[in-house]
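Protein chains in written order, with this note's numbering: chain A, -2 to 183; chain B, 283 to 1266; chain C, 170 to 264; chain D, 214 to 534.
From the three backbone atoms N, C-alpha and C, an ideal C-beta is built for every residue, glycine too.
Working notes, beginning with the structure itself.
Laid out in structure tokens, this is it:
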């Protein structure tokens, strides 16, 4: 076992949590991520491999699915797998084994930062951040959108819980945007 | 008590008294007042000076069309010039100042301009002030500039925040008057997602300005009741203080919400204003209509206002501009003003109606067939002159005059897509164009339905239509019965023979100016507008355009629709620049990207520099270093002597996988990649299709079907886009998958003679780093620090024995600390972008300054890399003769003849003895630095036929920065030209 | 503008990067006898129509698809949106 | 430049040529190097240029956001003879001057086609009848593609929309023209007091003469980045104009392959400020059938031959200029 310690995207040793009004904004550093892109004409085999990892159905475009290991669609025949880092540090290797050469797998763990919003009326926050139509953004939705010039994936976990994946190098900027929007909304 | 002109009733909250000042004098008003209504309540008629002639002016309107009553609102850094009193909600502590005057409002020194009005007519700039030639800029223009403009800004940074946001709806309803409310109720009850937006703070539109009976309640009570229902519907969003400012493509609307303008200052964390981008499947314009004045001599005195506005002040705000008023009208609507004010106890001097058959009143005098031909009163109206039907002139004293020339539908948004408004003879006004923005329908007065009942009906019907089209099942509203007056209007624009009769009150455009434009043949409406500046003021011509067109029509003997009208452009009302910018201001203009070693570098006291979005350490000053050059020289020397470490995470990294990955790279790079061995890295040059160098970098082959490509920091995004273009559009059948991994890996360059020894301390022992097993340009997946996955590349930008080592980004901070700790015994030195730049110039590596969008492979000395044996992007067009001339620029090195001379980048090069001019230019310096290893300045330059001019002495000139001395053309490889160090 | 993405549905054009005339898909064969002339035409010459225009939009802030959008340059009305890779294949671009 | 400086007296019309200077702000070392090269090239070509330090800029323009910025200002390249002109007055002045010299100006007269016989252009069909001419000179910025299409010519030009903005009138704040080097934004103040500003192209082919919100927002972000004092100033009006964007960012002044038909276009953003020089060189070409000394490089065949024009090289994607 190596002896290097990971830090969080905001640069701290522990994840940051902010409370404002009815919303909790928390940094979620604990994801292992891997991208899976089907090779030419291997979409079906790739989808089957993803299903073996996440459960009964692979996510459709604009959605995420899964339980402990989840997946969301990022483009034509492209997905990102996510799982708890503690137990799935080598998610990308597992995915590589599962896809059996039918897809290209790339580790993405370090590429993203994740912030979770929990609370009621999250639409009031999100409508200040990105053009997602919150009326049709239901549990299971996953949409890529631009938040203050940053390209992010926004996942609706439940009505009162949203996850945002943004570029890790801009975690400080993204966190500032989220916190500012929360303070403006409530 | 002090509010001498306050009447009974109205919608102000008399329990809440608000204090404010105007030009330093304290006043009081009530909650629900606007600044205009509060000033009128206090008997203030004189509020402003006009733009050009500095004429005394009062309030003309009661809404956003106001041309006169504009103030500098608030003070200090929050000072807002040109703010309309008619839309400024009164708050406690409001400070307002009059603007565009020298001296006081009642004695403005600039009013002298009014005496020179013959000289300052339309187009006066163009015909005068030319002679003598030097005088325009030195004498005339400065005077004009000083006199011009309206309000002044604070010159301080705006202290408030702005937000932007996004909303979606089935139906956007613009305007919450009778039509908008009926539409919203219809759509809201049917379950559609509805946004109802109105610029006012009290919704209801004209329902609040009129005395109307809606069955057994008043119109304003019906509005209150309807709004209460709408606010209770979860699918309806009612947005007060929100102006829909523009109709953009495909159902996108811009809207400004004034979140905090009615407060002394925004609450903590809250924006002052918010710009919404609204995505609407359907939209309905219910923006009502704007009343227009009639032009007559001296029609701009304080106290002369639109009749409908006078009614608004009386009914909604319980205010009259004077206790004796008159009305001048060409239509029935003007009579309502007299009736309503009379009912409030205001004395009506007379109603002057141009129509001989004007309706009579039993309460006040009506002069049928009369015309107001002049007015008197220096700082406020005292009397008017009336031409009686028989030809006699009668002087009538009054403190205010309401003028009604008819109503113009507010069609602005319907012509935002360049549709031209169409003439509606029935109401003698321009209505919406036949071809408006797709998806925008119109109801109510905006469509020319000027009666209240017509507006209610129209709103409900249009909503009904939209609901059906959008797949909803609408129910029919039970609309209350109300006023449904027939429109009777006799078009009348200006009293015959009037000259100094104002059309555009803000820009001081008079009837005479239109006549002058006509005389000088500026008769097309577009020319008329530009020549006279009619309608180009901050009120955007809302009350003025129509009169100008009508007079031009008369002068040219054409009908008004033949003369045509100009179109309207966004925004509907002037909108704060800050609101369009939202939060992206100051340091938050763009997001920041931080490297994995950022926190550590901060601890070291690094100086950072912006490189695109990234912040990179530029150098690491040490105690005692007083000049950045000292730090950089130390970092360079230490690296070349022992070992240096630099964060190179910012280079773009693209994972290229798939069975055809090598074939793909062969097409992207001008040089070959098909035969690159696994475990090897190769330098690659990418061309644009026109043969110009686009970017360079390396591709490392980690497996037969897996490469990692690097790009320059600056081009990471565009190269990825270019590769996606090639993959999807040019070669869609190749089996290639791309994903950016720039963010995924923290990558450090470890360079210098002791690089290998240092790395051996962190790389796990099973990986052999010896020169034999891991030679120059090798690459491998390895582990470090006891098992952490990592990638190692033996590549060198510095020219030293060098590696780049990458670990997953979350470990980047730990890794830099570990490397520095392991490097203590070698005096390992962190270096920044400056030292990086020095070392690459010393080594002669081309970078962004050389790949500057004008250079080819040939210019860069890499012509042989462009393979002729295969097709690659740019290979064919790089063969064009013009790119391969004998005299093409070539990349060379330069050193000063006198070693103490600098070689500044951007300098140009001349042949010795040639004239110093553009025709004799031999090239220019692209990159330069002081080389601490050589002890003098060195540079890279692009020189005509440079590769065959080694040893030639050229004259370096930089007239801009004052350099002129000799330099020698040398090889660009200043250090270790044979490359022994990097292969060591 | 709104671009109705064939996979993702309506998206704001602000998420896209405009990449010009869709004729750029038809890259000439480098080995054809008049390859140079063809490449010059390909790289530089444009129909630039006032009316229906087939053009490339890259969903840079989205799924990174290249789309072929047929749009009226005088009204901005969009008639059709296709995946560029599909179009390229149909137009016979082989690897 | 000299043509501008003498224009008003030449035309006896005040075009309000105002040489209050233009300042291009510098935000990085690389930009300083590039601007130094450009400034030197300007001086070597006989123009003036001045490199200003951050300190001088802060002193002259105290309201500029020099340091509290995402991209701090690190200097500027100034051309003191640059400035602004009143565009309507230029058009009117030229029209009046041309008219007085005997030129017939026919308003509202659209060219609907060319009459071409045996490779020679004989005249133009118009909405008001046929007009014959020994030489036909096209100069219809923005509509170059549409017009030359009627002669079956395709051009290395695309038509794009560029928005411009004006604020409400203000008492004088800005002395000259200032451009932002880390985004897309330029600004000056008219004699009437309005701030005139703009930025990037909307980025798509368009003849619709109107733009969209994203660029409005982008331009205003640029405004706030360097002038945070403008937050409360209101934007009064926005326009969208059609720009002839050539494939390499430079114009074309040349004969066409059709005898007697000449072309001047592809000026990208630079057309207005080059008006006198462009007309001068075009007149030279029309009179002598040989390109003017200054316009030798601006020919159609440069694309075919790969002749680069100095200082440019923005590639074959006009939207990237």
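In the DSSP annotation of this structure, the continuous segment of the beta strand (DSSP E) that includes residue 68 (chain A) starts and ends at 67 to 72.
At a cut-off of 8 Å between beta carbons, residue 892 (chain B) makes no contact with chain A. In this structure, residue 31 (chain A) and residue 74 (chain A) do not form a Cβ contact; the two beta carbons are roughly 15 Å apart against a cut-off of 8 Å. Contact of residue 174 (chain C) with chain D by beta-carbon distance below 7 Å is absent, the smallest such distance being about 16 Å. Interface flag for residue 376 (chain D) against chain B is unset, since no Cβ pair is found closer than 8 Å.
Residues of the same chain with a CB within less than 7 Å of the CB of residue 252 (chain C), apart from the 5 flanking positions on each side, are 175, 234, 236 in chain order. Sequence-distant Cβ neighbours of residue 472 (chain B) in its own chain, meaning closer than 6 Å and more than five residues away, are 749, 754, 756. In the DSSP assignment, residue 173 (chain A) falls within the alpha helix (DSSP H) that extends over 168 to 182.
Restricting attention to D:410, D:516, D:505, D:371, the CA atom closest to the CA of residue 390 (chain D) is found in D:410.
When the Cα atoms are used, residue 495 (chain B) and residue 764 (chain B) turn out to be separated by approximately 6 Å. With fewer than 16 neighbouring CB atoms inside 10 Å of its own CB, residue 768 (chain B) falls in the exposed class. With a cutoff of 8 Å on beta-carbon distance, residue 533 (chain B) and residue 571 (chain B) are scored as not near each other. Note that the C-beta distance between residue 609 (chain B) and residue 586 (chain B) is not below 8 Å.
DSSP places residue 427 (chain D) outside any beta strand (DSSP E); the residue lies instead in the alpha helix (DSSP H), whose first and last residues are 426 to 439. The straight-line gap separating the alpha-carbon atoms of residue 1009 (chain B) and residue 1017 (chain B) is approximately 9 Å.
For the beta strand (DSSP E) assignment, the uninterrupted runs of no fewer than 3 residues enclosed by the stretch 180 to 207 of chain C are, from N- to C-terminal side, 186 to 190. If the five residues before and after residue 693 (chain B) are omitted, its C-beta is found closer than 7 Å to the C-beta atoms of 703, 712, 713, 714, 728, all from its own chain and listed in chain order. With its beta carbon at least 8 Å from every one in chain D, residue 1218 (chain B) lies outside the interface. For the C-beta of residue 234 (chain C), the chain A residues within less than 8 Å are, from N- to C-terminus, 72, 73. For residue 893 (chain B) and residue 1259 (chain B), the gap between their C-alpha atoms comes out near 29 Å. Residues of the stretch 201 to 221 of chain C that bring their beta carbon within less than 7 Å of a beta carbon in chain D comprise 209, 212, 213, 214, 215, 216, 217, 219, in sequence order.
Contact between the stretch 443 to 462 of chain B and the stretch 449 to 467 of chain D is absent: fewer than three C-beta pairs spanning the two stretches fall below 8 Å. Those residues of the stretch 243 to 264 of chain D placed with their C-beta closer than 9 Å to a C-beta in chain B are 243, 245, 246, 247, 248, 249, 250, 251, 252, 253, 254, 255, 256, 257, 258, 259, 262, 263, 264, ordered along the chain. Assignment of residue 621 (chain B) by DSSP, reduced to helix, strand and coil, places it in the helix class.
Beta bridge pairing from DSSP links residue 371 (chain D) with D:458. Per the Cβ contact rule, the stretch 238 to 255 of chain D is in contact with the stretch 271 to 288 of chain D (3 or more Cβ pairs under 8 Å). Neighbours of residue 511 (chain D) in chain C, taken as residues at a C-beta separation under 7 Å, are lacking, since the least C-beta distance is about 15 Å. The beta carbons of residue 129 (chain A) and residue 142 (chain A) sit closer together than 8 Å.
Interface with chain C (8 Å Cβ-Cβ cutoff): residue 368 (chain D) is included. Under the DSSP definition of a beta bridge, residue 1077 (chain B) lacks any partner. Two segments are said to touch when three or more pairs of C-beta atoms, one from each, lie closer than 8 Å; by this definition the stretch 773 to 791 of chain B touches the stretch 819 to 835 of chain B.
For residue 418 (chain D), the uninterrupted beta strand (DSSP E) run begins and ends at 407 to 418, by DSSP.
Annotated as distal: residue 603 (chain B) and residue 661 (chain B), with beta-carbon spacing of 8 Å or more. Between residue 406 (chain D) and residue 383 (chain D), the CB-CB gap stays under 8 Å. For residue 284 (chain B), the closest of B:320, B:324, B:541 by C-alpha to C-alpha distance is B:324.
Taking a beta-carbon distance threshold of 8 Å, residue 535 (chain B) does not count as an interface residue toward chain A.
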